[in-house]
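*Asks:*
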Amino acid sequence: MTINVSARTLVPSTLNLGSGKDYRNDCFNIDIDDSWYPDAIVDFGGLDLGPDGISVSTRRFGDVQLRPAFFDRIIANDVLEHVPDLMRLMTNCLALLKEGGVFEVNVPYDLSCGAWQDPTHVRAFNERSWLYYTDWFWYMGWSEARFTLDRLQFVPSDVGRQMAETLPLGELIRMPRAIDCMSVSLRKVPLSPADRQTWDHWRERKRLAERERGPMAAGSPPNIDLATELPAPSYASAPAVPAAFAGGWAEHGDRHCVWIVTPEGYSHSRAFDDCATALSEAFAELGGSAPLVRDPRDWRERAPIVIGPHLLPPQADLPPGSILVNFEQVSTGQGWISEAYLSLLRRFPVLDYSQRNRAALIGKGIGHAGLIGIGHSPSLLRIAPAPVKDIDVLFYGSINPRRKRIIDSLQARGLEVVSLFDVYGAERDATIARAKVVLNLHFYDSAIFEVVRVSYLLANGICVLSESDEGDPDVAPFRDGL
0 MTINVSARTL VPSTLNLGSG KDYRNDCFNI DIDDSWYPDA IVDFGGLDLG PDGISVSTRR
60 FGDVQLRPAF FDRIIANDVL EHVPDLMRLM TNCLALLKEG GVFEVNVPYD LSCGAWQDPT
120 HVRAFNERSW LYYTDWFWYM GWSEARFTLD RLQFVPSDVG RQMAETLPLG ELIRMPRAID
180 CMSVSLRKVP LSPADRQTWD HWRERKRLAE RERGPMAAGS PPNIDLATEL PAPSYASAPA
240 VPAAFAGGWA EHGDRHCVWI VTPEGYSHSR AFDDCATALS EAFAELGGSA PLVRDPRDWR
300 ERAPIVIGPH LLPPQADLPP GSILVNFEQV STGQGWISEA YLSLLRRFPV LDYSQRNRAA
360 LIGKGIGHAG LIGIGHSPSL LRIAPAPVKD IDVLFYGSIN PRRKRIIDSL QARGLEVVSL
420 FDVYGAERDA TIARAKVVLN LHFYDSAIFE VVRVSYLLAN GICVLSESDE GDPDVAPFRD
480 GL
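Its first residue numbered 0, the sequence shown is counted upward by one per residue in numbering that gives the first Met the number 0.
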(Lines of atoms letter the chains of each structure in order from A and count residues from 1; the text may use other names and numbers.)
(Lines give C-alpha, C1' and ligand atoms only; values in the text may rest on other atoms or scores of the structure.)
Protein backbone atom coordinates (compact mmCIF):
# COMPACT_ATOMS: atom_id res chain seq x y z
CA MET A 1 0.00 0.00 0.00
CA THR A 2 1.02 3.69 -0.35
CA ILE A 3 0.45 6.06 2.54
CA ASN A 4 -1.12 9.38 1.57
CA VAL A 5 1.35 12.04 2.66
CA SER A 6 -1.38 14.53 3.46
CA ALA A 7 -3.22 12.11 5.74
CA ARG A 8 -0.16 10.66 7.47
CA THR A 9 -2.39 8.66 9.78
CA LEU A 10 0.21 6.00 10.44
CA VAL A 11 3.66 7.41 9.79
CA PRO A 12 5.18 9.17 12.86
CA SER A 13 5.94 12.87 12.50
CA THR A 14 9.50 12.45 13.84
CA LEU A 15 12.31 11.08 11.67
CA ASN A 16 15.03 9.18 13.53
CA LEU A 17 17.94 9.68 11.14
CA GLY A 18 20.62 6.99 11.33
CA SER A 19 18.65 5.16 13.98
CA GLY A 20 21.11 2.27 14.40
CA LYS A 21 20.72 0.65 17.77
CA ASP A 22 18.65 3.65 18.95
CA TYR A 23 15.43 2.37 17.38
CA ARG A 24 12.35 4.26 18.62
CA ASN A 25 8.79 3.03 18.25
CA ASP A 26 7.37 6.56 18.13
CA CYS A 27 9.66 7.58 15.24
CA PHE A 28 10.12 6.79 11.57
CA ASN A 29 13.52 5.08 11.79
CA ILE A 30 15.90 5.07 8.82
CA ASP A 31 19.48 3.91 8.45
CA ILE A 32 21.88 2.85 5.71
CA ASP A 33 22.63 -0.42 7.56
CA ASP A 34 19.92 -3.07 7.50
CA SER A 35 21.50 -5.06 10.34
CA TRP A 36 19.78 -2.78 12.91
CA TYR A 37 16.35 -3.46 11.37
CA PRO A 38 15.25 0.13 10.78
CA ASP A 39 11.86 0.92 9.30
CA ALA A 40 13.51 1.74 5.96
CA ILE A 41 16.91 1.82 4.29
CA VAL A 42 17.56 5.36 3.02
CA ASP A 43 20.76 7.35 2.50
CA PHE A 44 19.81 11.02 2.49
CA GLY A 45 23.47 11.89 2.11
CA GLY A 46 23.56 10.13 -1.25
CA LEU A 47 20.47 11.36 -3.08
CA ASP A 48 18.72 14.57 -4.06
CA LEU A 49 15.17 14.95 -2.74
CA GLY A 50 13.07 16.41 -5.53
CA PRO A 51 9.65 18.08 -5.22
CA ASP A 52 7.92 14.68 -5.48
CA GLY A 53 10.13 13.12 -2.84
CA ILE A 54 11.05 9.45 -2.88
CA SER A 55 9.13 6.25 -2.37
CA VAL A 56 10.53 3.91 0.26
CA SER A 57 9.49 0.44 1.36
CA THR A 58 9.10 0.13 5.12
CA ARG A 59 8.72 -2.73 7.57
CA ARG A 60 5.84 -1.13 9.47
CA PHE A 61 4.05 1.20 7.07
CA GLY A 62 4.27 -0.36 3.63
CA ASP A 63 5.37 1.94 0.80
CA VAL A 64 5.70 5.54 1.95
CA GLN A 65 6.20 8.61 -0.25
CA LEU A 66 8.56 10.93 1.63
CA ARG A 67 7.93 14.38 0.23
CA PRO A 68 9.21 17.84 1.28
CA ALA A 69 7.66 19.24 4.47
CA PHE A 70 6.82 15.73 5.67
CA PHE A 71 8.23 15.78 9.22
CA ASP A 72 7.75 18.01 12.26
CA ARG A 73 11.01 16.88 13.79
CA ILE A 74 14.23 15.13 12.85
CA ILE A 75 16.68 13.69 15.36
CA ALA A 76 20.24 12.63 14.54
CA ASN A 77 22.25 11.31 17.47
CA ASP A 78 25.91 10.59 16.65
CA VAL A 79 25.19 10.50 12.91
CA LEU A 80 26.49 13.61 11.13
CA GLU A 81 30.13 12.81 11.88
CA HIS A 82 29.78 9.70 9.64
CA VAL A 83 28.34 11.46 6.56
CA PRO A 84 30.74 12.16 3.66
CA ASP A 85 28.39 14.57 1.81
CA LEU A 86 27.03 16.57 4.72
CA MET A 87 25.87 19.48 2.56
CA ARG A 88 23.55 17.16 0.65
CA LEU A 89 22.24 15.57 3.84
CA MET A 90 21.56 18.95 5.47
CA THR A 91 19.79 20.16 2.32
CA ASN A 92 17.54 17.10 2.33
CA CYS A 93 16.78 17.46 6.04
CA LEU A 94 15.84 21.11 5.53
CA ALA A 95 13.48 20.04 2.75
CA LEU A 96 11.92 17.19 4.77
CA LEU A 97 11.02 19.47 7.66
CA LYS A 98 7.85 21.51 7.81
CA GLU A 99 8.24 25.24 8.34
CA GLY A 100 9.06 25.69 12.02
CA GLY A 101 10.21 22.07 12.25
CA VAL A 102 13.16 21.23 14.48
CA PHE A 103 16.35 19.32 13.67
CA GLU A 104 17.90 18.00 16.89
CA VAL A 105 21.51 16.91 16.61
CA ASN A 106 24.12 15.36 18.89
CA VAL A 107 27.70 15.37 17.56
CA PRO A 108 31.23 14.89 19.01
CA TYR A 109 33.13 18.05 19.92
CA ASP A 110 36.34 18.48 17.96
CA LEU A 111 38.56 18.55 21.09
CA SER A 112 37.02 15.41 22.61
CA CYS A 113 38.48 11.92 22.81
CA GLY A 114 35.47 10.61 20.90
CA ALA A 115 35.89 12.90 17.93
CA TRP A 116 38.24 10.53 16.11
CA GLN A 117 38.15 7.26 18.03
CA ASP A 118 35.76 5.73 15.47
CA PRO A 119 37.50 5.00 12.14
CA THR A 120 34.22 5.68 10.30
CA HIS A 121 34.15 9.31 11.48
CA VAL A 122 34.88 11.75 8.66
CA ARG A 123 34.60 15.02 10.63
CA ALA A 124 34.21 16.56 14.08
CA PHE A 125 32.28 19.65 15.09
CA ASN A 126 32.63 22.85 17.09
CA GLU A 127 30.48 25.87 17.79
CA ARG A 128 31.17 27.37 14.35
CA SER A 129 30.08 24.24 12.44
CA TRP A 130 26.50 25.54 12.08
CA LEU A 131 27.34 28.85 10.44
CA TYR A 132 26.70 27.73 6.86
CA TYR A 133 23.27 26.31 7.67
CA THR A 134 22.13 29.50 9.41
CA ASP A 135 23.74 32.86 8.54
CA TRP A 136 25.57 31.71 5.39
CA PHE A 137 22.65 29.79 3.89
CA TRP A 138 23.41 31.30 0.45
CA TYR A 139 26.60 29.23 0.31
CA MET A 140 24.43 26.11 0.50
CA GLY A 141 22.29 27.32 -2.39
CA TRP A 142 19.20 27.57 -0.17
CA SER A 143 16.81 30.09 -1.72
CA GLU A 144 13.57 29.42 0.20
CA ALA A 145 14.42 28.49 3.79
CA ARG A 146 17.30 28.11 6.20
CA PHE A 147 17.95 27.07 9.79
CA THR A 148 18.21 29.18 12.91
CA LEU A 149 20.29 27.98 15.84
CA ASP A 150 17.83 27.67 18.72
CA ARG A 151 20.10 25.89 21.17
CA LEU A 152 23.73 24.87 21.48
CA GLN A 153 24.66 23.00 24.64
CA PHE A 154 28.10 21.67 25.53
CA VAL A 155 28.12 18.28 27.26
CA PRO A 156 31.23 17.95 29.46
CA SER A 157 33.24 14.79 30.01
CA ASP A 158 33.94 13.45 33.49
CA VAL A 159 37.15 15.48 33.50
CA GLY A 160 35.26 18.52 32.22
CA ARG A 161 32.69 18.29 35.02
CA GLN A 162 35.49 18.46 37.56
CA MET A 163 37.13 21.39 35.76
CA ALA A 164 33.76 23.20 35.57
CA GLU A 165 33.94 23.73 39.32
CA THR A 166 36.74 26.25 38.81
CA LEU A 167 36.55 27.32 35.15
CA PRO A 168 33.80 29.26 33.35
CA LEU A 169 32.32 27.71 30.22
CA GLY A 170 34.18 30.05 27.88
CA GLU A 171 37.48 28.64 29.09
CA LEU A 172 36.30 25.07 29.54
CA ILE A 173 35.36 24.57 25.90
CA ARG A 174 38.93 25.40 24.85
CA MET A 175 40.39 22.68 27.03
CA PRO A 176 41.12 19.38 25.21
CA ARG A 177 39.12 16.42 26.55
CA ALA A 178 36.87 18.66 28.67
CA ILE A 179 33.83 18.60 26.34
CA ASP A 180 32.47 15.33 24.99
CA CYS A 181 29.84 16.51 22.57
CA MET A 182 27.42 19.22 21.55
CA SER A 183 23.65 19.05 21.65
CA VAL A 184 22.22 21.36 18.99
CA SER A 185 18.70 22.36 17.96
CA LEU A 186 18.15 23.90 14.52
CA ARG A 187 14.79 25.29 13.41
CA LYS A 188 13.60 25.65 9.81
CA VAL A 189 12.45 29.18 8.97
CA PRO A 190 11.50 30.78 5.63
CA LEU A 191 13.88 33.35 4.23
CA SER A 192 13.00 36.84 5.38
CA PRO A 193 13.02 39.79 2.95
CA ALA A 194 16.52 40.65 4.20
CA ASP A 195 17.62 37.03 3.69
CA ARG A 196 16.32 37.14 0.12
CA GLN A 197 18.30 40.31 -0.53
CA THR A 198 21.40 38.52 0.73
CA TRP A 199 20.61 35.53 -1.48
CA ASP A 200 20.11 37.76 -4.53
CA HIS A 201 23.37 39.59 -3.80
CA TRP A 202 25.51 36.44 -3.73
CA ARG A 203 23.65 34.81 -6.64
CA GLU A 204 24.47 37.87 -8.72
CA ARG A 205 28.10 37.76 -7.59
CA LYS A 206 28.25 34.13 -8.65
CA ARG A 207 26.59 34.85 -12.01
CA LEU A 208 29.11 37.61 -12.76
CA ALA A 209 31.99 35.35 -11.82
CA GLU A 210 30.70 32.64 -14.15
CA ARG A 211 30.33 35.14 -17.00
CA GLU A 212 33.88 36.39 -16.52
CA ARG A 213 35.22 32.84 -16.64
CA GLY A 214 33.44 32.07 -19.89
CA PRO A 215 31.13 29.21 -20.94
CA MET A 216 31.44 25.95 -19.08
CA ALA A 217 30.92 22.32 -19.95
CA ALA A 218 27.29 21.28 -19.81
CA GLY A 219 26.38 19.82 -16.48
CA SER A 220 29.61 20.95 -14.83
CA PRO A 221 29.43 22.83 -11.55
CA PRO A 222 30.52 26.47 -11.70
CA ASN A 223 34.29 26.72 -11.58
CA ILE A 224 34.23 29.15 -8.68
CA ASP A 225 35.91 28.92 -5.33
CA LEU A 226 33.28 30.38 -3.03
CA ALA A 227 35.78 30.70 -0.21
CA THR A 228 37.82 33.05 -2.42
CA GLU A 229 35.29 34.68 -4.73
CA LEU A 230 32.62 35.10 -2.08
CA PRO A 231 34.29 36.26 1.13
CA ALA A 232 32.57 36.49 4.47
CA PRO A 233 29.38 38.49 3.85
CA SER A 234 29.51 42.22 4.35
CA TYR A 235 25.92 42.16 5.62
CA ALA A 236 25.33 45.31 3.59
CA SER A 237 21.98 43.92 2.52
CA ALA A 238 20.88 43.10 6.05
CA PRO A 239 18.22 45.33 7.59
CA ALA A 240 19.79 48.43 9.11
CA VAL A 241 20.20 48.24 12.87
CA PRO A 242 20.15 51.65 14.57
CA ALA A 243 22.97 52.79 16.77
CA ALA A 244 22.40 52.48 20.51
CA PHE A 245 20.44 55.43 21.92
CA ALA A 246 19.54 56.69 18.44
CA GLY A 247 17.18 59.64 18.87
CA GLY A 248 19.00 61.09 21.86
CA TRP A 249 18.30 61.59 25.52
CA ALA A 250 14.69 62.73 25.11
CA GLU A 251 13.78 59.34 23.67
CA HIS A 252 15.85 57.15 25.98
CA GLY A 253 16.04 58.93 29.36
CA ASP A 254 13.26 56.88 30.94
CA ARG A 255 12.81 54.11 28.39
CA HIS A 256 15.23 51.46 29.67
CA CYS A 257 16.21 49.19 32.51
CA VAL A 258 19.68 47.71 33.00
CA TRP A 259 19.30 43.92 32.94
CA ILE A 260 22.12 41.67 34.14
CA VAL A 261 21.59 38.29 32.46
CA THR A 262 21.65 35.85 35.37
CA PRO A 263 21.25 32.18 34.39
CA GLU A 264 20.26 29.88 37.22
CA GLY A 265 23.32 28.49 38.99
CA TYR A 266 25.75 30.78 37.13
CA SER A 267 27.48 32.90 39.75
CA HIS A 268 29.82 34.70 37.34
CA SER A 269 27.08 37.13 36.26
CA ARG A 270 28.04 39.04 39.39
CA ALA A 271 31.20 40.15 37.60
CA PHE A 272 28.97 42.64 35.77
CA ASP A 273 27.48 44.20 38.92
CA ASP A 274 29.85 47.16 39.16
CA CYS A 275 29.49 48.39 35.57
CA ALA A 276 25.75 47.75 35.54
CA THR A 277 25.29 49.71 38.76
CA ALA A 278 27.35 52.62 37.42
CA LEU A 279 25.32 52.68 34.20
CA SER A 280 22.04 52.72 36.11
CA GLU A 281 23.33 55.54 38.31
CA ALA A 282 24.47 57.51 35.25
CA PHE A 283 20.88 57.64 34.01
CA ALA A 284 19.79 58.99 37.39
CA GLU A 285 22.56 61.63 37.42
CA LEU A 286 21.31 62.86 34.03
CA GLY A 287 17.75 63.16 35.30
CA GLY A 288 16.40 59.93 33.85
CA SER A 289 15.99 56.39 35.12
CA ALA A 290 17.18 52.89 34.20
CA PRO A 291 16.55 50.58 37.17
CA LEU A 292 18.90 47.64 37.69
CA VAL A 293 17.15 44.25 37.34
CA ARG A 294 18.10 40.58 37.21
CA ASP A 295 14.74 39.04 36.33
CA PRO A 296 13.01 39.80 33.00
CA ARG A 297 9.73 39.97 34.89
CA ASP A 298 11.03 43.20 36.40
CA TRP A 299 11.46 44.97 33.06
CA ARG A 300 8.00 46.49 33.53
CA GLU A 301 7.60 47.33 29.83
CA ARG A 302 11.03 48.97 29.65
CA ALA A 303 13.49 47.98 26.91
CA PRO A 304 16.47 46.27 28.56
CA ILE A 305 20.07 47.37 28.23
CA VAL A 306 21.41 43.82 28.32
CA ILE A 307 24.57 43.22 30.35
CA GLY A 308 26.00 39.78 29.54
CA PRO A 309 24.20 39.06 26.23
CA HIS A 310 26.65 36.22 25.48
CA LEU A 311 24.72 34.21 28.08
CA LEU A 312 21.51 34.43 26.00
CA PRO A 313 20.35 31.88 23.40
CA PRO A 314 20.97 33.03 19.79
CA GLN A 315 17.25 33.56 19.10
CA ALA A 316 16.57 35.40 22.36
CA ASP A 317 13.17 37.09 22.34
CA LEU A 318 13.99 40.70 23.25
CA PRO A 319 11.59 43.64 22.89
CA PRO A 320 12.15 46.46 20.36
CA GLY A 321 14.60 49.05 21.63
CA SER A 322 16.79 46.53 23.49
CA ILE A 323 20.52 47.32 23.56
CA LEU A 324 23.27 44.70 23.97
CA VAL A 325 26.44 45.56 25.91
CA ASN A 326 29.30 43.23 25.02
CA PHE A 327 31.98 42.72 27.68
CA GLU A 328 33.65 39.72 25.98
CA GLN A 329 36.92 40.01 24.09
CA VAL A 330 36.32 39.69 20.35
CA SER A 331 39.20 37.49 19.32
CA THR A 332 39.93 34.20 17.61
CA GLY A 333 39.79 31.32 20.06
CA GLN A 334 37.65 33.15 22.61
CA GLY A 335 35.02 30.63 23.61
CA TRP A 336 32.07 33.03 23.90
CA ILE A 337 32.52 34.65 20.48
CA SER A 338 30.69 32.01 18.47
CA GLU A 339 28.81 32.59 15.25
CA ALA A 340 25.60 32.10 17.21
CA TYR A 341 26.53 34.99 19.52
CA LEU A 342 27.60 37.20 16.60
CA SER A 343 24.26 36.46 14.95
CA LEU A 344 22.52 37.81 18.06
CA LEU A 345 24.69 40.95 18.01
CA ARG A 346 23.73 41.58 14.40
CA ARG A 347 20.06 41.86 15.34
CA PHE A 348 20.19 44.61 17.98
CA PRO A 349 22.03 47.85 18.79
CA VAL A 350 25.39 47.02 20.38
CA LEU A 351 27.75 48.83 22.72
CA ASP A 352 31.29 47.74 23.60
CA TYR A 353 33.84 48.96 26.12
CA SER A 354 36.88 48.59 23.84
CA GLN A 355 37.88 50.43 20.67
CA ARG A 356 39.73 47.33 19.50
CA ASN A 357 36.72 45.14 20.20
CA ARG A 358 34.49 47.54 18.28
CA ALA A 359 36.78 47.41 15.25
CA ALA A 360 36.70 43.59 15.37
CA LEU A 361 32.90 43.58 15.61
CA ILE A 362 32.61 45.86 12.58
CA GLY A 363 34.85 43.45 10.70
CA LYS A 364 32.39 40.66 11.55
CA GLY A 365 29.42 42.48 10.08
CA ILE A 366 28.30 44.41 13.17
CA GLY A 367 28.83 47.87 11.77
CA HIS A 368 26.34 49.44 14.19
CA ALA A 369 28.52 48.66 17.23
CA GLY A 370 29.24 51.74 19.35
CA LEU A 371 31.39 52.55 22.36
CA ILE A 372 30.32 52.92 25.98
CA GLY A 373 32.63 54.72 28.36
CA ILE A 374 33.56 52.88 31.56
CA GLY A 375 34.67 55.23 34.31
CA HIS A 376 34.01 56.69 37.74
CA SER A 377 30.67 56.76 39.51
CA PRO A 378 29.96 57.61 43.16
CA SER A 379 28.15 54.29 43.53
CA LEU A 380 31.46 52.49 43.03
CA LEU A 381 33.09 53.99 46.14
CA ARG A 382 32.80 50.94 48.38
CA ILE A 383 36.28 49.92 49.49
CA ALA A 384 37.76 51.46 52.64
CA PRO A 385 41.50 50.70 53.09
CA ALA A 386 42.15 48.03 55.70
CA PRO A 387 44.23 49.12 58.74
CA VAL A 388 46.77 46.43 57.87
CA LYS A 389 47.62 45.52 54.29
CA ASP A 390 48.85 41.97 54.75
CA ILE A 391 48.59 40.96 51.08
CA ASP A 392 51.48 42.03 48.85
CA VAL A 393 49.84 41.13 45.54
CA LEU A 394 46.21 40.26 44.84
CA PHE A 395 44.92 38.72 41.63
CA TYR A 396 41.29 37.84 41.00
CA GLY A 397 39.81 36.12 37.97
CA SER A 398 40.11 32.88 36.04
CA ILE A 399 43.42 31.04 36.04
CA ASN A 400 45.12 29.75 32.90
CA PRO A 401 48.69 28.36 32.61
CA ARG A 402 50.23 31.76 31.86
CA ARG A 403 48.57 33.52 34.79
CA LYS A 404 49.43 30.65 37.11
CA ARG A 405 53.08 30.75 36.04
CA ILE A 406 53.35 34.47 36.88
CA ILE A 407 51.56 34.12 40.22
CA ASP A 408 53.72 31.14 41.19
CA SER A 409 56.89 33.07 40.33
CA LEU A 410 55.85 35.95 42.60
CA GLN A 411 55.18 33.56 45.46
CA ALA A 412 58.56 31.92 44.85
CA ARG A 413 60.19 35.32 45.42
CA GLY A 414 58.71 35.49 48.90
CA LEU A 415 55.73 37.75 48.27
CA GLU A 416 52.38 37.19 49.98
CA VAL A 417 50.17 36.54 46.95
CA VAL A 418 46.43 35.85 47.04
CA SER A 419 44.43 34.61 44.05
CA LEU A 420 40.63 34.71 44.07
CA PHE A 421 38.15 33.04 41.74
CA ASP A 422 34.35 33.16 41.85
CA VAL A 423 34.46 35.70 44.68
CA TYR A 424 32.37 38.83 44.27
CA GLY A 425 30.77 41.67 46.20
CA ALA A 426 31.65 42.39 49.82
CA GLU A 427 33.95 39.37 50.19
CA ARG A 428 36.01 40.42 47.16
CA ASP A 429 36.12 44.06 48.31
CA ALA A 430 37.32 43.09 51.78
CA THR A 431 40.23 41.23 50.22
CA ILE A 432 41.04 44.12 47.88
CA ALA A 433 41.18 46.43 50.90
CA ARG A 434 44.00 44.30 52.37
CA ALA A 435 46.14 44.35 49.21
CA LYS A 436 49.09 46.62 48.55
CA VAL A 437 48.85 45.96 44.80
CA VAL A 438 46.20 44.38 42.57
CA LEU A 439 47.66 42.68 39.51
CA ASN A 440 45.87 42.79 36.13
CA LEU A 441 47.01 40.09 33.71
CA HIS A 442 45.73 39.32 30.21
CA PHE A 443 44.03 35.96 29.70
CA TYR A 444 43.76 35.89 25.89
CA ASP A 445 46.51 36.40 23.32
CA SER A 446 44.51 39.31 21.89
CA ALA A 447 45.41 41.23 25.09
CA ILE A 448 42.36 43.49 25.04
CA PHE A 449 42.76 45.83 28.02
CA GLU A 450 40.46 44.83 30.89
CA VAL A 451 38.79 48.23 31.35
CA VAL A 452 35.84 46.74 33.22
CA ARG A 453 38.02 45.21 35.92
CA VAL A 454 40.49 48.08 36.25
CA SER A 455 37.99 50.96 36.32
CA TYR A 456 36.37 49.69 39.52
CA LEU A 457 39.74 49.45 41.24
CA LEU A 458 40.80 52.94 40.17
CA ALA A 459 37.46 54.40 41.28
CA ASN A 460 38.37 53.17 44.76
CA GLY A 461 41.94 54.48 44.71
CA ILE A 462 43.49 50.99 44.55
CA CYS A 463 47.08 50.60 43.35
CA VAL A 464 46.90 48.59 40.11
CA LEU A 465 49.78 47.06 38.18
CA SER A 466 48.67 46.12 34.68
CA GLU A 467 50.00 44.80 31.43
CA SER A 468 49.45 47.02 28.42
CA ASP A 469 50.54 47.29 24.82
CA GLU A 470 52.29 50.43 23.64
CA GLY A 471 49.85 52.61 21.74
CA ASP A 472 46.77 50.64 22.81
CA PRO A 473 43.88 53.13 22.48
CA ASP A 474 41.97 51.38 25.27
CA VAL A 475 44.82 51.93 27.75
CA ALA A 476 45.47 55.59 26.94
CA PRO A 477 42.74 57.10 29.20
CA PHE A 478 44.03 55.06 32.16
CA ARG A 479 47.77 55.16 31.63
CA ASP A 480 48.48 57.85 34.27
CA GLY A 481 46.56 55.89 36.88
CA LEU A 482 48.21 52.48 36.43
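Where a beta carbon is used, it is the ideal one built from N, C-alpha and C, also for glycine.
None of these values were measured; they are calculated from a predicted model.
(1) State yes or no: is the C-beta of Leu93 within less than 8 Å of the C-beta of Ala144?
(2) From this set, Trp135, Val158, His251, Gly169, which residue's C-alpha is nearest Gln196's C-alpha?
(3) Counting pairs of beta carbons, one from the stretch 198-205 and one from the stretch 116-128, are three or more of them closer than 8 Å?
(4) By the three-class DSSP mapping on this structure, what secondary structure does Tyr395 have?
(5) Taking the straight line between their C-alpha atoms, what separation do you get for Ser397 and Leu278?
(6) Which runs of the alpha helix (DSSP H) spanning at least 4 residues fall entirely within the stretch 406-432, listed in chain order?
(7) Could you give the first and the last residue of the continuous alpha helix (DSSP H) run that contains Gln354?
(8) Can Leu350 and Ile371 be called in contact, C-beta distance under 8 Å?
(9) Helix, strand or coil for Pro192 per DSSP?
(10) With three or more C-beta pairs closer than 8 Å as the rule, is the stretch 90-110 touching the stretch 34-48?
(11) With a Cβ-Cβ cutoff of 8 Å, do Leu65 and Ile53 count as a contact?
(12) Would you call the stretch 373-380 and the stretch 164-184 in contact, with 3 or more CB pairs under 8 Å?
(13) Taking DSSP's pairing of strands, which residues face Thr13 in a bridge?
(14) Is the separation between the beta-carbon of Glu426 and that of Asp391 shorter than 8 Å?
(15) First and last residue of the alpha helix (DSSP H) that includes Cys274?
(16) Indicate whether the contact test is met: 3 or more Cβ pairs, each with one atom in the stretch 175-183 and one in the stretch 152-161, closer than 8 Å.
(17) Looking at Val183 and Val104, is the spacing between their C-beta atoms short of 8 Å?
(18) Going by the CB atoms, is the gap between Trp258 and Pro318 shorter than 8 Å?
(19) With a 10 Å radius around its C-beta and 16 neighbouring C-beta atoms as the bar for buried, classify Cys256 as buried or exposed.
(20) Cβ atoms of Ile306 and Glu275: under 8 Å apart, would you say?
(21) Express the C-alpha separation of Pro377 and Ser111 in angstroms, rounding to a whole number.
(22) Three-state secondary structure (DSSP) at Asn459?
(23) If the criterion is Cβ atoms closer than 8 Å, does the pair Gly100 and Phe60 meet it?
(24) Roughly how many angstroms lie between the CA atoms of Leu9 and Gln314, to the nearest whole one?
(25) Using a Cβ distance threshold of 8 Å, determine whether the stretch 434-452 contacts the stretch 465-480, with at least three qualifying pairs required.
(26) With a 10 Å radius around its C-beta and 16 neighbouring C-beta atoms as the bar for buried, classify Ser266 as buried or exposed.
(27) In three-state DSSP terms, what is Lys20?
(28) Where does Val387 land, buried or exposed, given buried means 16+ other C-beta within 10 angstroms?
(29) With Asn91 as the anchor, note down where its alpha helix (DSSP H) starts and where it stops.
(30) Comparing alpha-carbon positions, which option in Met174, Thr147, Phe146 lies nearest Gly159?
(31) Do you know offhand how far Lys20's Cα is from Ile31's?
(32) Tell me whether the beta-carbon of His367 lies closer than 8 Å to the beta-carbon of Val240.
*Replies:* The answer reads as follows:
(1) yes
(2) Trp135
(3) Segments in contact, no.
(4) strand
(5) 25 Å
(6) Inside the stretch 406-432, DSSP marks whole alpha helix (DSSP H) runs of 4 or more residues at positions 424-432, from first to last along the chain.
(7) 354-362
(8) Yes.
(9) Correct three-state label for Pro192: helix.
(10) yes
(11) yes
(12) no
(13) Under DSSP, Thr13 forms a beta bridge with Arg72.
(14) no
(15) For Cys274, the enclosing alpha helix (DSSP H) has its first and last residue at 272-284.
(16) yes
(17) yes
(18) no
(19) Using a 10 angstroms sphere on the CB of Cys256, the tally of other CB atoms reaches 16 or more, which defines it as buried.
(20) Correcting the residue type first, residue 275 is Ala in the shown sequence and not Glu. The answer is yes: Cβ separation under 8 Å.
(21) 47 Å
(22) coil
(23) no
(24) 34 Å
(25) yes
(26) exposed
(27) Of the three classes helix, strand and coil, the one that applies to Lys20 here is coil, per DSSP.
(28) exposed
(29) From DSSP, the alpha helix (DSSP H) with Asn91 extends over 85-95.
(30) Met174
(31) 12 Å
(32) yes
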